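In my numbering, the protein residues as written are -19 to 767. A virtual CB, placed ideally from N, CA and C, is assigned to each residue, including glycine. Computed from a predicted structure; not experimentally measured. Everything below concerns the one structure shown next.
Given below as structure tokens:
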């Protein structure tokens, strides 16, 4: 026994009359402890005591403190300097220490937030208000992303000559000179690199000394007065732009044309790097600081930078502000997306992502209308910056993600949010903090992460390829429209169609099967579009639109799969990592293609298409995510493995397949395989039956023609051998097959596929027996039977 413990100084002395009862009580306690061995357990044995049956940690600190205080209160009546005092005190402390439960920092089972929402109601005022708040916050930042389409728009331009400036010289307006006539006087001819036609140069001009004199002449006289053969050619220092579409853009404001084209690539690289850094920072800060706090921080900085951007004085200042603005915008969008998905249960996640894409489409429509009305990039950027500031005020109304609060042991805040939303009882739950590096401890999750990142890179490369082929152009080579507003409107309509397809795929089909279909479609279309062009542009345009829609839907589906696959503790970090890797690859590829002059080379497109087909074969390694709750921990994610007990219990087993057939020697699956082969042989035999019988049927009618009257033969041949009717009979079998594919899949999902297959073979054989009788009564009944 130790005797060095000191009593608390704050305990007051009790009355001396209590000394004798205390000593008597202590002797009785010591004898009781010696007569009961269970009271004398060793500390090592006592450490193995289990918590209570409810699974909650027992807070024994308070109980022990109260007991300790009571011990000292009773012992205070004794003299502190006597050996008896220390013996009694230490003996009682040891007895109490042996019998009290060891204080443990146990973690309870994670709170099933999806189950709470299902019990409280999937849609109520809180979630509707949350969707409205997110929509208003999301709108200006989505518009800020697509504003780059207008900011980098390069209108028609030509060299500026001050003598032909109609604003400075009224004579130009009086002579009614137009831009094309001025170019005939100023610009020399050159061969276009893409079309091979002769056009007026937009980067060089004649060094004439009599421009002032020519500007005061009519166009025809000025054209006769010039001598292009004896004039030298110089590069332009200033340019004039066609302001019919937009009055100003980033390229026109800083003259990023001709010799300054390298600035455009530099601006693109800076913007891409800002997006990469924003994805990384948004993911890390979203998991560490919280979704709402991260969105407020990056959104506030982005709002200030959006105000500064239109008023940048020089190009380096523009580069810095644009880099920081894109970084903040990407980080905010990433955090908003994760919070958007985390606020609903598994059944509503496709719907929420559809609402997200609907907001994107509406923002694109508003941006088209804004560009048409304002006709200036500076004005558009200023208006969007004002809306961004308002959206940050609206974001203050949104709460923090309860999932993130629960997983980071901030239960009081999460409880307050849930109580305000649903008015339900409190809940408990604590979890440790994790980071994305914990993924490396699991081979399965590391493999899934590598595959998902590959999918993201492939989708980004294909999107880059389709956007490059569907880019706007002012000449006849434009795919959609030469008008900028019509081009943007057509792309918006295509995106509306893509939203409808996305909602249908997520509602009626699994994620994996949908991705296989989309990857195959986009891969084949991008590879086909990379083939040599034909005279007709319509088939190629149709393939481009199909590939563009497939790529857009697959990208949205990848967002949904990534959210559903990885746990709450690292969800933002994983999405940020995937977006970072995909944008980095697109940036590198675009810089390589632009710097090496491979813009018209079709080899990259073929490579992207082959990569999509390879990715479609890798989807089988990703577990099924549809119909599951969002995982909150690594353990929840690993339960999605095919060999997981939870998943095996979720998938019903077929007792018919596992049973034995004959004396336990022949499994039923072997019998089923043989019968399926026989059934397919019968089905394909019946399919080819009419092709073989047709030859004999027509040969029979030719023999009749030789022996019977000519008039009778003509009637017989007309009723049996008409080419259109014969073709209809031959194709009717395939019409019926194409019609029945989709209903057959639905019926097979509802009933046993084995029994449906047997019923189909029996029905097909029975109907085939009626074909000879049906042919004797015309072609209507055979067509019906074939269908």
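Tell me whether residue 550 is buried or exposed, calling it buried when 16 or more other Cβ atoms sit within 10 Å of its Cβ.
Residue 550 should be labelled buried.
Can you tell me whether residue 487 is buried or exposed, with buried defined as 16 or more other CB within 10 angstroms of its CB?
Exposed, because fewer than 16 other Cβ atoms sit within 10 Å of the Cβ of residue 487.
Can you determine whether any heavy atom of the ligand MN sits closer than 7 Å to the C-beta of residue 184, and answer yes or no?
Ligands are entirely absent from the displayed structure, and the ligand MN is therefore not among its contents.
Counting pairs of beta carbons, one from the segment 319 to 339 and one from the segment 289 to 307, are three or more of them closer than 8 Å?
Not touching, per the Cβ criterion.
Identify, in the order they occur along the chain, each residue of the same chain with its Cβ nearer than 8 Å to the Cβ of residue 397, setting aside the five sequence neighbours on each side.
These residues qualify, in order along the chain: 379, 380, 382 and 385.
Sort out for me which residues DSSP pairs residue 169 with in a bridge.
According to DSSP, residue 169 bridges with 180.
Looking at C-alpha atoms only, which residue of 193, 330, 535 and 196 is the closest neighbour of residue 608?
Here the closest residue by C-alpha is 330.
Assign residue 432 to one of three DSSP states: helix, strand, or coil.
DSSP places residue 432 in helix when its eight states are reduced to three.
Do residue 125 and residue 166 have their C-beta atoms closer together than 8 Å?
Not in contact: residue 125 and residue 166 (Cβ atoms no closer than 8 Å).
Please identify the residue among 441, 388, 562 and 377 whose C-alpha is closest to the C-alpha of residue 430.
It is 562.
Out of 657, 565 and 499, which one is the CA nearest neighbour of residue 595?
Nearest C-alpha to residue 595: 499.
Quick one: is residue 223 buried, meaning 16 or more other Cβ sit within 10 Å of its Cβ, or exposed?
Burial call: exposed.
Near residue 764, what residues of its chain come up, given a Cβ to Cβ distance below 7 Å and the 5 sequence neighbours on each side ignored?
Contacts found: none.
Note down the Cα distance separating residue 366 from residue 283, rounded to an integer number of angstroms.
Going by the C-alpha atoms only, they are around 8 Å apart.
Compute the beta-carbon to beta-carbon distance between residue 278 and residue 312, rounded to the nearest angstrom, for a pair I have assumed lies under 8 Å.
Going by Cβ atoms, the distance from residue 278 to residue 312 rounds to 5 Å, so yes, they are a contact pair.
For residue 178, is the classification buried or exposed, using 16 other Cβ atoms within 10 angstroms of its Cβ as the cut-off for buried?
So residue 178 ends up on the exposed side.
Any idea what DSSP makes of residue 193, helix, strand or coil?
In the structure shown, residue 193 sits in a helix (DSSP, three-state: H, G or I).
Can you tell me which of the three DSSP states residue 140 falls into?
If DSSP states are grouped into helix, strand and coil, residue 140 belongs with coil.
Need the endpoints of the beta strand (DSSP E) that residue 215 sits in, please.
213 to 215 is the span of the beta strand (DSSP E), which, as asked, contains residue 215.
Rounded to whole angstroms, how far is the Cβ of residue 450 from the Cβ of residue 528, which I believe are closer than 8 Å?
Indeed they touch by this definition, with Cβ atoms about 6 Å apart.
Measure the alpha-carbon distance for residue 158 versus residue 592 and round it to whole angstroms.
Residue 158 and residue 592: Cα-Cα distance of roughly 49 Å.
For residue 219, does the three-state DSSP call read helix, strand or coil?
Strand, per DSSP.
Cβ of residue 556 within 8 Å of Cβ of residue 255?
Contact flag unset, no.
How big is the Cα-Cα spacing for residue 441 and residue 481?
Straight-line Cα distance between these residues: approximately 21 Å.
Would DSSP call residue 132 helix, strand or coil?
DSSP places residue 132 in coil when its eight states are reduced to three.
What separation, rounded to the nearest whole angstrom, lies between the Cα atoms of residue 265 and residue 553?
Roughly 8 Å between the two C-alpha positions.
Looking at the structure shown, is residue 604 part of a helix, part of a strand, or coil, going by DSSP?
Of the three classes helix, strand and coil, the one that applies to residue 604 here is coil, per DSSP.
Are the beta-carbon atoms of residue 183 and residue 212 separated by less than 8 Å?
Result no, Cβ atoms of residue 183 and residue 212 do not sit closer than 8 Å.
Please confirm whether residue 206 and residue 194 have their CB atoms less than 8 Å apart.
It is a contact, given that the beta carbons lie within the stated cut-off.
So, are the CB atoms of residue 474 and residue 522 less than 8 Å apart?
Going by C-beta atoms, residue 474 is not nearer than 8 Å to residue 522.
Touching or not, the segment 124 to 138 and the segment 231 to 248, by the rule of three or more beta carbon pairs under 8 Å?
Short answer: they touch.
Since residue 314 and residue 302 are thought to touch, with beta carbons under 8 Å apart, how far apart are those beta carbons, to the nearest angstrom?
Their Cβ separation, rounded to whole angstroms, is 19 Å, which puts residue 314 and residue 302 out of contact at 8 Å.
Judging by CA-CA distance, which residue of 371, 390, 354 and 163 is the nearest neighbour of residue 268?
Per the Cα distances, 390.
What do you reckon, are the CB atoms on residue 428 and residue 540 nearer than 8 Å?
Not a contact, by the Cβ cut-off of 8 Å.
Among 614, 435 and 242, which residue has its Cα nearest to the Cα of residue 423?
For residue 423, the nearest C-alpha among the options comes from 614.
Using CA atoms only, rank isn't needed, just tell me which of 392, 199, 542 and 658 is closest to residue 434.
Among 392, 199, 542 and 658, the Cα nearest to that of residue 434 belongs to 542.
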